[in-house]
Structure formats: C-alpha cells, structure tokens
Amino acid sequence: MYLGDLLFFPGCVLINQSVCLFFCLILFQLSTHFIILSEERWCEEYFDSEYVRKSCGNALRNISKKYPEKIMEELSLGQASKEEFQIEKIIFKNKYLTHFLNNNKKG
C-alpha cells in the first residue's frame, strides 16, 4: 500500500504540474513516514522477539546476498552465544553465501 502511494501520488503531481499538490505530497510523505515508524514500534511491542527475529533474519539474508565477504569475515571472528548461532543459521539459508563459502575453502 505504501509503495503504491509512493509511486502514484508523485505521478499525479507530475501530470497536474501543481505546486499546491506538490506541497500536499510532501506533507503526505512525511506523515506516512511517521505512521510507518509508529507501526514498527507497535509490532515490536505486540509481537516482541518474534517480530524482531523475523525482521532481523530478513535483513541478514539480504545483506549476505550483497556482501558475502563481510558476513564471512564476521563469522570467522568466532561464535560466543546461542543467539549468534541462530544468526549464523539464518545467514546460511542463503544458497549463494554457502556457495561462496565452499569456493573460499577450496582456494
């Protein structure tokens, strides 16, 4: 929904070429930003660790696709806790990173 609004309303502003509509767009985008922040806070409070675990897991998978070297460097520092083991498990669900790890072990 938010992505659709982000694309639709600027298009309307460009088509109409209205300065007034442009300022309304800026106010709308700012209010949307703060609505999203409040929704994230609510999710963190209501769902507690489950929400944080899933959102962190998704972020880690995305990071591991873009920067596998940095992830491997971080993992090589060692593992100290159960939480770090869980993070490592989430990261290694990324098939590209596993392939990257296997290539580095061979070379």
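Take 1 as the starting number for the sequence shown in the working numbering and just add one per residue.
Think of the CB as a built atom: it goes at the ideal place given N, C-alpha and C, for glycine as much as any other residue.
Rounded C-alpha distance that separates residue i from residue j
| i | j | result |
| --- | --- | --- |
| Ser64 | Lys70 | 8 Å |
| Glu83 | Tyr46 | 21 Å |
| Leu7 | Ser38 | 22 Å |
| Gly107 | Met72 | Reliability of the predicted coordinates at Gly107 is poor, the pLDDT of 49 falling under 50, and the value obtained from them is presented with this limitation in mind. If you take the alpha carbons of Gly107 and Met72, they lie about 15 Å apart. |
| Glu40 | Asn16 | 34 Å |
Spatially closest choice to residue i from the options, by CA coordinates
| i | options | result |
| --- | --- | --- |
| Ile36 | Lys66, Asn16, Tyr2 | Tyr2 |
Per-residue DSSP class, three states only, for residue i
| i | result |
| --- | --- |
| Gln17 | coil |
| Met72 | helix |
| Asp48 | coil |
| Ser38 | helix |
Contact check, residue i vs residue j, beta carbons under 9 Å
| i | j | result |
| --- | --- | --- |
| Phe28 | Asp48 | no |
| Pro10 | Leu25 | yes |
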